[in-house]
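**Student:**
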Amino acid sequence: MIETLLGGLLGGAFRLAPEVLKWLDRKGERGHELAMQDKALEFEKLRGAQRMSEIGAGADSAWNIGAIEALRESVAAQGQRSRVRWADALSVSVRPVITYWFMALYCAAKTAAFVGAMSGGADWGAAILHAWTEADQALWAGVLNFWFLGRVFDRVRP
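Here the sequence shown stands for residues 212 to 369, numbered as in the numbering used here.
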């Protein structure tokens, strides 16, 4: 009797085993399919982000080209004469007048610093050393290079 009962149970178990294995296999396939769809979604997101980046780079490039062209046109327009003598003379004099004005202000400020140091009891050497700093030296080097190298380049260019 026990053998019949065990035989029936084992027969049923062996009959159910392939179905359980199929069910587990389908569950694994669904999990794998879902994982593959997630990977495909991530890939599409990356591709979309890359495409947006390409579009942004193209737009930036077009904007930069337009800005350079506008700058080129404005510089070319500044170099053209208006054929009104007083307006052309005023336009040509603006940069030198502003340069001389700022140089006069700068020299006045340095002279005031020197006179202040002298009236405070400093000797000539200390007053000059405190009035002339490394920042002043760098500023003057930049100004002199701008003006004198500009002349060299103007002579070289036809």
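Don't be surprised by glycine CBs; every beta carbon is placed ideally from N, CA and C.
Per DSSP, what kind of secondary structure is ARG292 in: helix, strand or coil?
**Tutor:** Mapped onto the sequence shown, residue 292 falls at position 81. ARG292: coil per DSSP, three-state reduction.
**Student:** Pick out whichever of ARG237, GLU253, TRP358 and LYS233 has its Cα sitting closest to the Cα of PRO307.
**Tutor:** Here residue 307 refers to the residue found at position 96 of the sequence shown. Of ARG237, GLU253, TRP358 and LYS233, the smallest CA-CA separation from PRO307 is found for TRP358.
**Student:** Taking ALA346 and ALA337 to be in contact with their CB atoms under 8 Å, please state how far apart those CB atoms are, rounded to whole angstroms.
**Tutor:** Counting from one through the sequence shown, the residue named residue 346 turns up at place 135. Counting from one through the sequence shown, the residue named residue 337 turns up at place 126. With a Cβ gap of about 18 Å, ALA346 and ALA337 do not count as contacting.
**Student:** Can you say whether ALA251 is buried or exposed, counting buried as having 16 or more other CB atoms within 10 angstroms of its CB?
**Tutor:** Here residue 251 refers to the residue found at position 40 of the sequence shown. The residue is exposed, with fewer than 16 neighbouring Cβ atoms inside 10 Å.
**Student:** Work out the CA separation of CYS318 and TRP343 for me, nearest whole Å.
**Tutor:** Taking the first residue of the sequence shown as 1, we reach residue 343 at position 132. Taking the first residue of the sequence shown as 1, we reach residue 318 at position 107. Using only the alpha carbons, I get a separation of about 11 Å.
**Student:** Verify whether the separation of the beta carbon atoms of HIS341 and ALA333 is less than 9 Å.
**Tutor:** Locating residue 341 in the sequence shown gives position 130, counting from the first residue. Locating residue 333 in the sequence shown gives position 122, counting from the first residue. Yes.
**Student:** Can you tell me which of the three DSSP states GLY331 falls into?
**Tutor:** Counted from its first residue, the sequence shown places residue 331 at position 120. In this structure, GLY331 counts as coil in the three-state DSSP scheme.
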